[in-house]
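Structure first, commentary second.
Protein chains: 2
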Amino acid sequence: MAHVTIFGTGNMANAIGGVFAEGGSSVTYISAEESGTAPIVGDIVVLAVPYPAVAGILSAYGEQLAGKTVVDITNPLNFETFDSLVVPAGSSAAAEIQAALPQSSVVKAFNTTFAATLVAKTVGGAPTTVQVAGDSAEAKSALIAAIAAGGVQAIDAGALSRAHELEALGFLQLTLAVREAISWTGGFAVVR
Amino acid sequence: MAHVTIFGTGNMANAIGGVFAEGGSSVTYISAEESGTAPIVGDIVVLAVPYPAVAGILSAYGEQLAGKTVVDITNPLNFETFDSLVVPAGSSAAAEIQAALPQSSVVKAFNTTFAATLVAKTVGGAPTTVQVAGDSAEAKSALIAAIAAGGVQAIDAGALSRAHELEALGFLQLTLAVREAISWTGGFAVVR
């Protein structure tokens, strides 16, 4: 399928890499220690790092990311207050990243699915569904195909401007989990 | 249980009224034609009307709404473009209504559950769950109890500021349904 490079080695990075690998894609990881020196070999590049770590990757790899699909999975919360996002009102982390990478196709995905639900492929009996937003139809369909090949559902959630709503959903879901109104194996399931 | 007055007689008004009635609450409706003349008898007042119709209700009933719980179910979309909300970035319809009704306890609820899922009480095999946000713990717990008595799950989704995220979720859900990525009997299920 695809060649995927994943920045990050945490729970989300591993869960996402597992889905792609199961779908037959080649997957390479770049850890925080390797970031800045290891080359990007994939055509799909997943930023599976906390939002504050994204800026360093963009400044180190901006030229290498040109022409590639860059997948932003972040939920840019203010983790001190858990009451707001650190991106401008009405905007999104994905929009900020796209502005910094005008020659890349930025896609928002995986920010509304907890790691455990990507591994289990189900959430509350419903199939886990990755919501994908972006302005490049080609980038979205290639990503959706690579996710689906790994046994996880994926749907087109619209233009990159919908990343604002996806990040609001991710924000709300995180606050519910932290307040134990839902569990980390639950969350918002997409029922079709 | 509670005394509920519902503005509106559409699908959502009927579905919401059905839940409350089944839980033993008394339910009265005020139609668009009666609005401005019919008195509000309930302590919980549900604005089950399109967002553009809210302003007229507030101006006609502002004084009568003092001291009451006002439930905002709206999704304030720009229905011409389906690409934005008509409330200021970072704000919400619920926050605008609270600002107009400083003596009422405004609660956001029912904007993330399609009517069919309130009637069926399930969505994709999971129990339908109403997300309730507001700044009055008392108003929220009374509302949650009245909904739960009607056989539908309800959870506290946080302060009224979370209405921004709930409206983003409702917005995204509507765009997915309009684009037929999900059905009107589906949507975002809350898996606990």
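Going down the list, the protein sequences come from chains E and R.
If you read the first sequence in the working numbering, its first letter stands for residue 86, the second for the next number, and so on.
If you read the second sequence in the working numbering, its first letter stands for residue 86, the second for the next number, and so on.
All C-beta atoms, glycine included, are put in the ideal place defined by N, C-alpha and C.
For residue 183 of chain E, no CB of chain R lies under 9 Å from its own CB, so it is not counted at the interface with that chain. Under the 9 Å criterion on CB atoms, residue 244 of chain R is classed as interfacial with respect to chain E. Taking a cut-off of 8 Å on C-beta distances, the region 234-247 of chain E does not touch the region 257-272 of chain E, as fewer than three cross pairs fall below it. Neighbours of residue 276 of chain R in chain E, taken as residues whose beta carbon is under 9 Å from its own, are 202, 208, 209, 210, 211, 267, 268, 270, 271, 272, 273 and 274 in chain order.
Within chain E, the residues whose beta carbon sits less than 7 Å from that of residue 241 of chain R are 266, listed in sequence order. Taking C-beta separations shorter than 6 Å and ignoring five residues to either side along the sequence, the partners of residue 199 of chain R in its chain run 269 and 272, following chain order. The DSSP-derived three-state label of residue 137 of chain E is helix. In this structure, the beta-carbon distance from residue 234 of chain R to residue 127 of chain R does not fall below 9 Å. Within chain E, the residues placing a beta-carbon under 8 Å from that of residue 254 of chain R are 250, 253, 254, 257 and 273, ordered along the chain. Between residue 125 of chain E and residue 227 of chain E, the C-beta spacing is not below 9 Å. Per the C-alpha coordinates, the member of E:161, E:249 and E:213 positioned closest to residue 100 of chain E is E:213.
Residues 160, 161, 170, 177, 178 and 196 of the same chain have their beta carbon placed closer than 7 Å to that of residue 252 of chain R, with the five preceding and five following residues left out of the count. Using a 10 angstroms sphere on the CB of residue 122 of chain R, the tally of other CB atoms stays under 16, which defines it as exposed. For the C-beta of residue 174 of chain R, the chain E residues within less than 7 Å are, from N- to C-terminus, 174 and 175. Per DSSP, the continuous alpha helix (DSSP H) segment holding residue 202 of chain R begins and ends at 200-205.
In the structure shown, the three-state DSSP call for residue 144 of chain E is helix. Leaving aside the five residues that flank residue 204 of chain E on each side, the residues in its chain whose CB is nearer than 6 Å to its CB run, in chain order, 100. Linking residue 115 of chain E to residue 211 of chain E through their CA atoms gives a straight-line distance of about 32 Å.
Residue pairing by DSSP places residue 218 of chain E opposite E:193 and E:243 in a beta bridge.
Residue 188 of chain E has a beta carbon lying at 9 Å or more from every beta carbon in chain R. Secondary structure note for residue 125 of chain E: it is in no beta strand (DSSP E), with a DSSP letter that is neither H nor E. The C-beta of residue 220 of chain R comes no closer than 9 Å to any C-beta of chain E. In the three-state DSSP reduction, residue 226 of chain E falls in the helix class (H, G or I). Under the three-state reduction of DSSP output, residue 272 of chain R falls in the strand class. In the structure shown, residue 105 of chain E falls within a helical segment according to DSSP collapsed to helix, strand and coil. Nearest to residue 133 of chain E by alpha-carbon distance, out of E:221, E:145, E:185 and E:156, is E:156. Closer than 9 Å to the CB of residue 168 of chain E there is at least one CB belonging to chain R. Close partners of residue 228 of chain E in chain R (Cβ separation under 7 Å) are lacking, with about 15 Å as the shortest Cβ gap. Listed in chain order, the non-local C-beta contacts of residue 224 of chain R below 6 Å within the same chain comprise 154, 190 and 192, local neighbours out to five positions each way being set aside.
Exposed is the label assigned to residue 188 of chain E, since fewer than 16 other Cβ atoms lie within 10 Å of its Cβ. At a Cβ-Cβ threshold of 9 Å, residue 110 of chain E and residue 231 of chain E count as neighbours. The DSSP-derived three-state label of residue 91 of chain R is strand. Among the CB atoms of chain R, one or more fall inside 9 Å of the CB of residue 216 of chain E. In the three-state reduction of the DSSP assignment, residue 238 of chain R falls in the strand class.
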